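The structure appears below as structure tokens.
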Amino acid sequence: MSMSMWRLFAILPLVAWADQSCSESSSEELREDTQFLQRSLQLQQETNIATDALARAKGTATVLKTKREGEVQTYFYYVNFHGVDPILATLLNVMHSSGQNCATCGLHLFSCEEEGLNETECQSRELMPCLKMPWSCTKDSGLLVMEAAIQGKNFTDRVNSSDLSSLKNLWPDRMRYETLMSSAMTFQWLPLLWGPGKRVLITTILRDPVERLRSVFYSLSPDHSPENFTERGCRESTWDFLIAERDTAYGNMTEPQMARIQAEGIPWRKVIQGCCEYGHYLGNCDVAKAKRVLVSHFDFVGIYEDLPGSLASLAWLYGKSPEGMGTLARDTLLEVPPKKPEKWNKADLELAKNITAKDRDIYDFATELFKRQSVSMWNNENVWKDQIKKLEKAWNTKWVNDLNDHLAELVDTLDDMDGSVVRSDVDEKDPVLMSKRFREKFVKSEQLRGNSFKSGMVQEKAYNPWDDIKKQERHQRKMERQGIKEPTKEEKKKEAERKEWTAIQEAKQERARRREARKNQPPPPPLPLHLQRVKEEQRKNKEKSRIDQIRRIAAEEKRHKMNGF
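According to the working numbering, the sequence shown is numbered sequentially starting from 628.
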């Protein structure tokens, strides 16, 4: 089958705008042996999949992979929704050793437009193909994989509707693999045969639908400043944009609106992303089905608003430490989402909530599932919070600290080399070399850090009162050996009074000396003529003010006498 025919499967269908009723059939009896996250992922720290033979001819590729005996081959599927930092996909690619070109959900299976690539990115994709058998899918085009895989299914089997967020509702790997294989888009990164040595790991991270809607507006505008959302739109005004999204969500999109969107060059996928992305790709516009898909097929569902908590649980899932995940997030320049979102216009916010009402229901369910999954992973909520703190500490560690350590070692080495210059007859004539040779050596790296430790010294320990007691005992024994008596309290008091009186007398003498020095100062030089005139004018004004004040007081007293006061 030609590549163009395969692409027919990836054509985005028009959205089924009409509302679908939520119906759930009764669930079957749950098997007792169904566990959350069956066979916890045991990834090797170094994942090296050797490529033994590579043969490509006439558009076909055959890659033979060798696997160590007993090693579990894991296939990774990250459903990349809009509004989540794209660096997250890069971070996950690093976690499972998949290059960016090998995590595209199939080698050139999707067109550049479907993958959201511009012309430059499309050309670079053609120049950098994947040279090994891919085993992951993290690109935006993975949404089409999920959409096609769940088409025509209700997923009521093995799902307990009475406790929908129960972790026991997660399906085994084989059943989830069969769901994905029902989409023809997985043939390049999933094996054709499934066995006990294989497993599939499906994850995703969801964002608040209201903020996702605003993010879609920004992505359609060349000027991404927040003011644009409240003042004006790029292709449409903010209100027109929200109205179009509302009509899309409720199935009221008119032909003129559709023609206008098409004329503006806005992809249908962008329109879907704004109003109903979760319901469309997870449930074919059925909220109840989307919830069943989340709980039955996803090993982990994260929340973007709680990104540190999501990364801590992902670290557990991938067999990594929270500190390592935090360091990786720092190195990939992943940013923490703001705790307080941007302000909304009140009318726009109400309309946005109505537009994303269905996706909000899915998001709230995902939040509940996220908490239950995370607590189950770490066995305790407090332990989970402690791991989050460790991750945040590593995430916030500055690169400059590591760089300073290397620079400090270099400074100390150079200082030692400078102080060990070969002696010669002229050394004594060089004051710099002589001062270095006889000065007390300091550790310069500690000085750079703000510590003045001498060479061979360590940082002071915490205060210990027993050390003071021992010091006093040693001093007492020394005085006894020398025959010196300890002064009494009265003697100590008299000595203190004498020192105080001496200090007072010295202060008086110092003040007298300063007064005498001021008297003996020579007169200041005369002022320039223009300053003398200014000073004389100020003196006259001051004298005039004084005389006027005396006259006012005299007039006031005279008036009081005349009035009989």
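All residues carry an ideal CB built from backbone N, CA and C; glycine is no exception. Since this is a predicted model, take the numbers as computed values, not measurements.
{"Item": "Pair every Cβ in the region 712-724 with every Cβ in the region 761-775, then say whether three or more of these pairs are closer than 8 Å.", "Value": "yes"}
{"Item": "With a threshold of 16 other CB atoms inside 10 Å of the CB of leucine 1158, please say whether the residue is buried or exposed.", "Value": "exposed"}
{"Item": "Measure the C-alpha to C-alpha separation of serine 1172 and isoleucine 1180 and round it to an integer number of angstroms.", "Value": "12 Å"}
{"Item": "What residue from Ala730, His924, Ile832 has the CA that sits closest to tryptophan 816's CA?", "Value": "Ala730"}
{"Item": "Check whether the Cβ atoms of tyrosine 845 and valine 827 sit closer than 7 Å, and answer yes or no.", "Value": "no"}
{"Item": "Can the beta-carbon of alanine 993 be found less than 7 Å from the beta-carbon of valine 928?", "Value": "yes"}
{"Item": "Name the DSSP beta bridge partners of isoleucine 829, please?", "Value": "Tyr704"}
{"Item": "Does the region 967-975 touch the region 897-917, meaning 3 or more C-beta pairs lie closer than 8 Å?", "Value": "no"}
{"Item": "Taking the beta carbon of glutamate 1184 as the centre, do at least 16 other beta carbons fall within 10 Å, making it buried, or is it exposed?", "Value": "exposed"}
{"Item": "When you compare only the Cα positions, how much space is there between arginine 1244 and glutamate 950?", "Value": "Beyond the ends of the chain as shown, which are 628 and 1192, falls residue 1244; an answer cannot be given."}
{"Item": "In angstroms, rounded to a whole number, what distance separates the CA positions of tyrosine 931 and alanine 890?", "Value": "33 Å"}
{"Item": "Got a sec? Which residues, its chain only, sit under 7 Å from glutamate 659 by beta carbon, not counting five neighbours each side?", "Value": "Confidence at glutamate 659 is low in this model, with a pLDDT of 34, below 50, so the placement of that residue is unreliable and no value is reported for it."}
{"Item": "For glutamine 900 and threonine 983, what's the separation of their Cα atoms in angstroms?", "Value": "10 Å"}
{"Item": "On the CB-based measure, 16 or more other CB atoms within 10 Å of its CB, does glutamate 977 come out buried or exposed?", "Value": "exposed"}
{"Item": "Which of helix, strand or coil does DSSP assign to threonine 731?", "Value": "strand"}
{"Item": "Please report the straight-line C-alpha distance between methionine 1189 and alanine 1182, rounded to a whole angstrom.", "Value": "11 Å"}
{"Item": "Is DSSP giving cysteine 903 helix, strand or coil here?", "Value": "helix"}
{"Item": "Going by the DSSP bridge assignment, what does isoleucine 930 pair with across the sheet?", "Value": "Leu833"}
{"Item": "How many angstroms separate the CA atom of glutamine 570 from the CA atom of glutamine 1165?", "Value": "Because the chain spans 628 through 1192 in this model, residue 570 falls outside it and cannot be assessed."}
{"Item": "With a Cβ-Cβ cutoff of 7 Å, do glycine 710 and arginine 896 count as a contact?", "Value": "no"}
{"Item": "Rounded to whole angstroms, what is the Cα-Cα separation between leucine 1269 and glutamate 882?", "Value": "Given that the chain is displayed from residue 628 to residue 1192, the structure contains no residue 1269 and the question cannot be resolved."}
{"Item": "Using only the alpha-carbon positions, how far apart do serine 1001 and valine 772 sit?", "Value": "26 Å"}
{"Item": "Let me check understanding here. Comparing Cα to Cα, which of Leu961, Ala1139, Met1004 lies closest to glycine 946?", "Value": "Met1004"}
{"Item": "Name the residue from Pro935, Ala974, Ala1021, Leu1037 whose alpha carbon lies nearest to the alpha carbon of lysine 998.", "Value": "Pro935"}
{"Item": "Identify every run of the beta strand (DSSP E) within the region 1089-1157, keeping only runs that are complete inside it and at least 3 residues long; order them along the chain.", "Value": "none"}
{"Item": "Taking lysine 759 as part of the alpha helix (DSSP H), name the residues at either end of that continuous run.", "Value": "From DSSP, lysine 759 is part of no alpha helix (DSSP H); its letter is neither H nor E."}
{"Item": "Would lysine 985 be called buried (16 or more neighbouring beta carbons within 10 Å of its own) or exposed?", "Value": "buried"}
{"Item": "So, at 8 Å on beta carbons, what are the nonlocal neighbours of alanine 716 in its own chain, with the 5 sequence-adjacent residues on each side left out?", "Value": "Tyr705, Asn707, Ala730, Thr765, Lys766"}
{"Item": "For glutamate 1137, count neighbouring C-beta atoms within 10 Å of its own C-beta (all shown protein chains included) and say buried if the count is 16 or more, exposed if not.", "Value": "exposed"}
{"Item": "Which residue comes first and which comes last in the alpha helix (DSSP H) that contains arginine 919?", "Value": "914-924"}
{"Item": "Tell me, to the nearest whole angstrom, how far the beta carbon of glutamate 962 is from that of aspartate 800; I am working on the premise that it is less than 8 Å.", "Value": "Not really, about 33 Å apart at Cβ, beyond 8 Å."}
{"Item": "Exposed or buried, asparagine 1011, counting other C-beta atoms within 10 Å across all chains shown (16 or more means buried)?", "Value": "In the sequence under discussion, the amino acid at residue 1011 is tryptophan, which differs from the asparagine named in the question. Buried, since its Cβ has 16 or more Cβ neighbours within 10 Å."}
{"Item": "Let me confirm a value: lysine 918 is counted as buried when at least 16 other C-beta atoms fall within 10 Å, else exposed. Which label applies?", "Value": "buried"}
{"Item": "Could you name the residues of the same chain whose beta carbon sits closer than 8 Å to that of glutamate 995, not counting the 5 residues immediately before and after it, in chain order?", "Value": "Ser792"}
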